[in-house]
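A.B. asks: Every letter in the sequence shown is one number past the one before it in UniProt numbering, and letter 13, counting from 1, is 13.
Beta carbons are placed, not taken as given, at the ideal position from N, Cα and C, and that holds for glycine.
From a predicted model like this one, the values you see are computed outputs, not experimental measurements.
Mind having a look at this structure? Questions to follow.
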Amino acid sequence: MKLYTLVLAALLLGACASTEELELEPKELEEFAESVTLDDVWSRDVGSGQDARYTRLVPAIYGDTIYAADIEGRVFALDKTNGKIRWEVALEDSVEATGFFSALWSSPKPVPVSAGIGVSSERLLLGSYKGELIALDRNNGELLWRTQLSSEILSEPAETAGVVVATTSDGKLYGLDAETGKEKWMFESVQPVLTLRGTSAPVVMGDTVLAAFDNGKIYAFEAETGLIQWEQRVAIPKGKSELERIVDIDGTPRLAGDLLYVVSYQGRLVAFAASTGRPLWGEDASSVQGPSSDYNQVYIAGAMDKVQAFSSSTGVLQWENTDLLRRELSAPMVWGSYVAVVDLDGYLHLLDRNTGAMAGREQLGAAVRGRLLVDGDLLYVLDNDGELSAWRNKPR
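Pasting the structure below:
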């Protein structure tokens with residue numbers, strides 16, 4: 001459930017809610033002197049995009065190829081330099097039929113893809129609303145295996161050390177054999193009574209899997225066995241109501257060397273030593289998106305869509321931009337000298353990394369729920385309508 005829908009529902013249930021309390025309209029965009037231009041290098045239609053169930057499909061890059069998928073089970077491989085489609089496949093559900101004539105006249109339905117794309121040297125990894133984890137050959141899209149898990153998969157799977165890992169919406173983390181798709185281990189977290197819709201994607205570091213859950217905790221697992229190497233709490237639930245006590249970690253943690261940055265909803269932004277789990281610093285913060293970082297700062301789209309920058313060494317707030325309040329921002333992404341976000345109307349905004357000042361703006365086709373992707377000097381954006389585009393920035 002989106003933040004504003006959740007907050008608005010709570011306010012409407014309160015008999016004493018005032019008109020001022022219900023004013024949650026997006027802030028109007030203001031003109032500014034742009035210091036950078038945005039050039040559309042290429043754009044390509046890659047299917048039907050995302051649906052209304054808060055899917056967060058993201059593209060993935062391996063070598064000179066970028067991969068993308070849509071809600072109807074279509075998977076695309078494109079040349080990352082020009083957007084030319086190299087291959088395309090359509091994933092199909094098995095036919096649900098109870099008799100001979102039913103089977104004869106029934107046709108397969110598309111797989112309702114809800115998560116992906118994860119990528120490794122050999123495989124593409126996707127998840128479905130029906131809880132299927134699907135592996136395709138990275139070179140041609142051929143189906144390698146599909147495994148039924150316990151619940152829908154809402155964040156992209158990952159692979160390391162011969163193990164594919166995926167989080168399900170019922171708070172479980174699965175480890176599957178990467179060659180066969182057979183389950184090797186499973187971890188089940190303690191789920192709160194009320195959670196936001198979404199899950200954090202697992203992050204891999206060597207033979208370690210880092211995974212965060214709706215209970216406000218993050219764990220490190222041995223990939224081969226699923227044994228817990230360390231666990232830490234990012235946020236502690238506070239308040240009397242279940243609504244006040246939501247501390248979901250739905251954004252993907254940011255791994256930078258041995259530094260791990262994690263942010264929760266209604267909780268904290270915390271830096272850990274990824275190898276040991278030792279907390280380095282923590283600051284009050286709230287976000288349903290994952291952080292981004294560079295050598296000096298960590299960036300989040302915080303409460304009410306304030307874009308915030310924190311010192312990566314101390315956690316001290318460096319700057320805060322309030323020009324995009326309540327505009328339902330994507331997760332921020334560091335791109336050269338800028339921080340990029342996309343809002344609910346499909347505007348791509350660039351903020352100066354050092355000051356937080358608005359630097360550039362360009363209208364895209366639609367809003368973006370998934371993460372932005374940077375490779376070299378290009379920014380790749382998959383919008384909610386299924387348009388994949390590549391962008392380059394340059395100072396005016």
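(1) Measuring alpha carbon to alpha carbon, tell me which of Asp214, Trp319, Asn215, Pro26 ends up nearest Thr355.
(2) Look up Asp39 in the DSSP assignment and give the residues it is bridged to.
(3) Can you give the Cα-Cα distance for Met358 and Asp343, rounded to whole angstroms?
(4) Helix, strand or coil for Ala211 per DSSP?
(5) Taking only the alpha-carbon atoms, compute the straight-line gap between Ala309 and Arg138 and give it to the nearest angstrom.
(6) Check for me: the beta strand (DSSP E) holding Thr167 runs from which residue to which?
(7) If you compare alpha carbons, which of Lys184, Asp177, Tyr174, Leu91 is closest to Leu136?
(8) Between which two residues does the beta strand (DSSP E) containing Asn321 stretch?
(9) Alpha carbon to alpha carbon, how far is Gly181 from Arg146? Give it in angstroms, no decimals.
(10) Within the continuous beta strand (DSSP E) that includes Pro279, where are the two ends?
(11) According to DSSP, is Ala15 helix, strand or coil?
(12) Output yes or no for whether 7 angstroms exceeds the beta carbon distance between Ala331 and Gly290.
(13) Mapping DSSP to helix, strand and coil, what is Asp79?
(14) Note down, in chain order, each residue of its chain lying with its Cβ closer than 7 angstroms to the Cβ of Pro395, except the 5 sequence neighbours on either side.
(15) For the beta strand (DSSP E) containing Arg123, list its first residue and its last residue.
(16) Kindly indicate if chain C contains any beta-carbon less than 7 angstroms away from that of Ala331.
(17) Thinking just about the alpha-carbon of each residue, which of Val316, Tyr338, Leu154 is nearest to the one in Arg56?
(18) Should Lys80 go down as buried or exposed, given a rule of 16 or more other Cβ atoms within 10 Å for buried?
C.D. replies: From the atom records:
(1) Measuring from the Cα of Thr355, the nearest candidate turns out to be Trp319.
(2) DSSP output for Asp39 lists Arg392 as bridge partner(s).
(3) Distance between the alpha carbons of Met358 and Asp343: 14 angstroms.
(4) In the structure shown, Ala211 sits in a strand (DSSP, three-state: E or B).
(5) Spanning the two alpha carbons is a distance of roughly 36 angstroms.
(6) From DSSP, the beta strand (DSSP E) with Thr167 extends over 163-167.
(7) Taking only the C-alpha atoms, the option nearest Leu136 is Leu91.
(8) It spans 317-321 - the beta strand (DSSP E) in which Asn321 sits, taken as one unbroken run.
(9) When only Cα atoms are considered, Arg146 and Gly181 end up about 7 angstroms apart.
(10) Looking at the DSSP string, the run of the beta strand (DSSP E) that includes Pro279 is 279-285.
(11) Confidence at Ala15 is low in this model, with a pLDDT of 35, below 50, so its placement is unreliable and the value that follows should be read with caution. Residue state, collapsed to three classes: coil.
(12) Yes, Cβ-Cβ distance for Ala331 and Gly290 is below 7 angstroms.
(13) If DSSP states are grouped into helix, strand and coil, Asp79 belongs with the strands.
(14) Ser35, Val36.
(15) Element bounds for Arg123: 123-128.
(16) Any reference to chain C falls outside this structure, which holds one protein chain only.
(17) Of Val316, Tyr338, Leu154, the residue nearest in Cα terms is Leu154.
(18) The residue in question, Lys80, is buried, as its Cβ has 16 or more Cβ neighbours within 10 Å.
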